[in-house]
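Novice: Note that our numbering has the sequence shown beginning at 302, numbered continuously upward.
Where a beta carbon is used, it is the ideal one built from N, C-alpha and C, also for glycine.
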Amino acid sequence: MTNMNKINSIEEYHEEYSKSVRDPEGFWAEKADTFLWKKKWNEVLEWDFDAPSVKWFMGAKLNITENCLDRHLENSGDKVAILWEPNDPNESSIKLTYKELHSRVCAFANVLKRNGAKKGDRICLYMPMTPELAIATLACARIGAVHSVVFAGFSARSLEDRINDATCNIVVTADGGFRGAKTIQLKSIVDKALENCPSIERSIVLNRTGEEVQMEAGRDVWLH
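So this is what it looks like as structure tokens:
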């Protein structure tokens with residue numbers, strides 16, 4: 302985002318709000334101009350409250366991850382984009398610069414594509430709170446897939462319901478995760494859920510805890 306999107310005072314906030322109410326199309330067109338677009342819009346807003354139907358930026362195309370990552374590489378590539386602090390004080394923190402994050406997102410996007418993911422697919426993310434979760438989310442957006450984040454504390458039945466509701470064809474998980482001093486067997490929970498999830502074709506597994514897990518041939522693959 303550029304400085305025009307930065308609000309420095311409550312007075313500036315009220316001024317911006319007033320603009321958005323007086324001329325919503327002009328206001329949001331001005332904000333949208335700060336993004337990188339593959340194709341600009343034909344019309345800012347198309348609406349019909351009788352239908353009802355509201356559509357923004359008709360005809361426009363962008364990749365939102367280019368706005369999250371690529372646009373920062375030239376001038377801010379070495380700045381920290383993600384700072385991850387683990388719960389365990391004995392485990393090291395992780396800093397990822399924009400360049401490093403961009404590289405890992407692109408690599409993860411290629412992993413997804415190699416495993417059959419394509420634009421419009423729904424991908425379930427059942428992962429611990431690690432940098433890989435943010436990377437997976439951005440990787441899904443990079444290829445035009447829809448990510449569905451499921452809290453890694455949910456049961457196998459709850460995970461099953463959410464996978465089936467979205468008709469996900471890929472699930473990304475980990476061998477396990479840590480909650481305090483306790484290890485959560487995420488892969489085992491996923492395995493139980495997938496007994497009743499016929500749409501899943503691939504399970505991609507992050508090595509987080511290093512514990513031994515069962516890998517089903519033809520479905521489960523390690524994230525490398």
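Between which two residues does the alpha helix (DSSP H) holding residue 366 run?
Specialist: Residues 365 to 369.
Novice: Just tell me which of 383, 388, 337 has its CA closest to the CA of residue 397.
Specialist: 383
Novice: Taking C-alpha atoms, which residue in 369, 459, 389, 360 lies nearest to residue 482?
Specialist: 389
Novice: Do you know how far the Cα of residue 471 is from the Cα of residue 492?
Specialist: The straight-line gap from Cα to Cα measures roughly 13 Å.
Novice: Does residue 429 pass the burial test, meaning 16 or more other C-beta atoms within 10 Å, or should it be called exposed?
Specialist: buried
Novice: Entirely within the region 422 to 451 and at least 3 residues each: give me those beta strand (DSSP E) ranges in chain order.
Specialist: 423 to 426, 447 to 450
Novice: Assuming residue 487 and residue 474 form a contact by the criterion Cβ under 8 Å, report the distance between their Cβ atoms to the nearest whole angstrom.
Specialist: Here residue 487 really is in contact with residue 474; their C-beta atoms are around 5 Å apart, less than 8 Å.
Novice: Could you tell me if the beta carbon of residue 361 falls within a distance shorter than 7 Å of some heavy atom in the ligand MG?
Specialist: With respect to small molecules bound, the structure shown includes none, and the ligand MG cannot be examined in it.
Novice: State yes or no: is the C-beta of residue 443 within less than 8 Å of the C-beta of residue 364?
Specialist: yes
Novice: State the beta-bridge partners of residue 346 as determined by DSSP.
Specialist: Partner(s): 357.
Novice: State the beta-bridge partners of residue 569 as determined by DSSP.
Specialist: Nothing can be reported for residue 569: it is not among the residues displayed for the chain, which extend from 302 to 525.
Novice: Do residue 439 and residue 399 have their C-beta atoms closer together than 8 Å?
Specialist: In this structure, residue 399 does not lie closer than 8 Å to residue 439 by Cβ.
Novice: Buried or exposed: where does residue 421 fall if 16 or more other Cβ atoms within 10 Å of its Cβ makes it buried?
Specialist: exposed
Novice: Within a Cβ cutoff of 6 Å, which residues of the same chain sit near residue 310, ignoring the five residues on either side of it in sequence?
Specialist: none
Novice: Going along the chain, which residues of its own chain have a beta-carbon closer than 7 Å to the beta-carbon of residue 379, five neighbours each way excluded?
Specialist: Closer than 7 Å at the Cβ level, and outside the excluded window around residue 379, lie 398, 400.
Novice: Count the other C-beta atoms from every protein chain shown that fall within 10 angstroms of the C-beta of residue 308, then say buried if there are 16 or more, exposed otherwise.
Specialist: Residue burial is scored here from C-beta neighbours: residue 308 has fewer than 16 other C-beta atoms within 10 angstroms and is therefore classed as exposed.
Novice: In the DSSP assignment, find the unbroken alpha helix (DSSP H) run with residue 308 in it and report its ends.
Specialist: Careful: residue 308 lies outside any alpha helix (DSSP H) and carries neither H nor E.
Novice: Tell me whether residue 403 is buried or exposed, calling it buried when 16 or more other Cβ atoms sit within 10 Å of its Cβ.
Specialist: buried
Novice: Does DSSP classify residue 327 as helix, strand or coil?
Specialist: Residue 327 falls in the helix class under three-state DSSP.
Novice: According to DSSP, residue 383 sits in a beta bridge with which residue or residues?
Specialist: 397
Novice: How should residue 504 be labelled, buried or exposed, when 16 other C-beta atoms within 10 angstroms of its C-beta is the threshold for buried?
Specialist: The residue in question, residue 504, is buried, as its Cβ has 16 or more Cβ neighbours within 10 Å.
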